[in-house]
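Residues in the sequence shown are numbered consecutively from 1, following full-length UniProt numbering.
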Amino acid sequence: MKLSVCVDALFRNQDFTESVRKIKAAGCDTIEFWTWWDKDLEAVGQAVSENGVSVAAICTRFISLVDVSHREAYMQGLRESIAVAQRLNCHQLISQVGQELEGVSREEQKQSLIEGLRNCVPMLEQAGITLLVEPLNTRVDHKGYFLASSSEAFDIIKQVGSPHVRVLYDIYHQQITEGHIMATINNNIKWIGHFHAAGIPGRRELITGELAYDRIFQAIKATGYTGAVGLEYFPENDAAEGIMQAFDLSTS
């Protein structure tokens with residue numbers, strides 16, 4: 001298990017190149033970020049190369065998967081995102097699924113989501129990239145979002161039936177939605193491709209709030225997981241200090 005820093009969260013509205021330099025200086029050599037379409041990709045690539053960091057994940061364009069009328073737009077956004085990921089030697093793309101539709105049954109929307117993900121598989125296989133489907137909490141941060149439950153997300157992934165489509169298990173979101181963090185991780189690690197972490201409540205540094213991240217990290221390591229846990233929060237204090245605190249938790 002390794003830690004990754006979400007640049008757009010911990011260093012929001014700051015210069016990307018300088019942020020990557022600070023992340024590396026804090027001892028982390030893996031980054032991720034949300035939006036590629038508003039960045040100078042030449043500068044991003046240069047910052048990655050010059051600082052010797054790798055890119056764990058970036059997002060696809062935020063286009064609905066549950067709304068079949070947006071299917072072609074989603075697929076085009078995926079093509080563009082794959083091209084950017086390959087340019088950065090990044091092997092994972094994070095996908096949201098869209099807002100719940102009024103007047104359409106949840107089952108119909110779920111089947112549209114599954115069908116849409118299946119349509120993505122040939123493109124993902126050819127590129128050697130994994131698509132990460134992210135359930136988000138709807139109680140605090142993302143009201144109206146279709147997919148909140150991790151159990152429903154795991155069921156969707158199983159029905160898609162491809163190793164190139166996995167769940168992004170966001171510990172912050174799932175603590176709000178359902179709890180039972182360590183048991184869920186232990187029981188479903190084969191379906192998880194990536195993690196996100198933040199303190200709760202408040203979405204702050206990992207040392208804040210109700211979650212014992214040292215024990216959560218131990219539980220993740222015990223599964224044999226070798227991927228990244230992305231730090232995705234909005235720091236109250238110095239971002240570099242929070243990164244180093246997270247490393248202390250991950251090695252305790």
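Virtual Cβ for every residue (Gly too), placed ideally from N, Cα, C.
Everything numeric in this text was worked out from a predicted model, so none of it was measured.
With contact defined as three or more Cβ pairs closer than 8 Å, the segment 113–124 and the segment 83–90 are not in contact. The beta carbon of THR177 sits closer than 6 Å to those of ASN137, ALA148, all from its chain and outside the five residues before and after it, given in chain order.
Between the C-alpha atoms of MET123 and ALA219 there is a straight-line separation of about 33 Å.
Contact annotation: GLU102 and GLN109 have beta-carbon atoms that are not nearer than 8 Å. For TYR213, the enclosing alpha helix (DSSP H) covers residues 213–222.
Rounded to the nearest angstrom, the gap between the Cα atoms of ALA43 and ALA25 is 19 Å.
In the assembly as shown, SER4 is a buried residue. Its beta-carbon has 16 or more other beta-carbons within 10 Å.
Linking VAL165 to SER64 through their CA atoms gives a straight-line distance of about 16 Å.
Around the beta carbon of TRP36, 16 or more other beta carbons lie within 10 angstroms, which makes this residue buried.
By the C-beta density criterion, VAL48 is buried, having at least 16 other C-beta atoms within 10 angstroms.
About 6 Å separates the CB atoms of LEU113 and ILE156; that is less than 8 Å, so the two are in contact. Cβ contact annotation for CYS28 (same chain, cutoff 7 Å, sequence separation greater than five): LEU3, VAL5, ILE243, in chain order. Beta-bridge pairing by DSSP links LYS39 to no other residue. The beta carbon of ILE31 lies closer than 8 Å to those of SER4, VAL5, CYS6, VAL7, VAL20, ILE23, VAL48, VAL53, SER54, VAL55, ALA56 in the same chain, with the five residues before and after it left out.
With a minimum length of 3 residues, the unbroken runs of beta strand (DSSP E) contained wholly in the segment 92–153 fall at 92–95, 130–133.
Rounded to whole angstroms, GLU115 and MET75 show a C-alpha spacing of 12 Å.
For HIS173, the enclosing alpha helix (DSSP H) has its first and last residue at 171–177. Listed as beta-bridge partners of ILE31 by DSSP are VAL5, VAL55. ASN237 and ARG139 have their C-alpha atoms roughly 26 Å apart.
DSSP places ARG166 within a strand segment (E or B) once states are collapsed to three. In its chain, beyond the 5 residues on either side, ILE63 have a beta carbon closer than 6 Å to the beta carbon of ALA73. One alpha carbon belongs to GLU241, the other to GLU18, and they sit about 16 Å apart. Taking C-beta atoms as the reference points, GLN174 and SER151 fail to come closer than 8 Å.
The alpha-carbon separation between ASN188 and SER250 amounts to approximately 21 Å.
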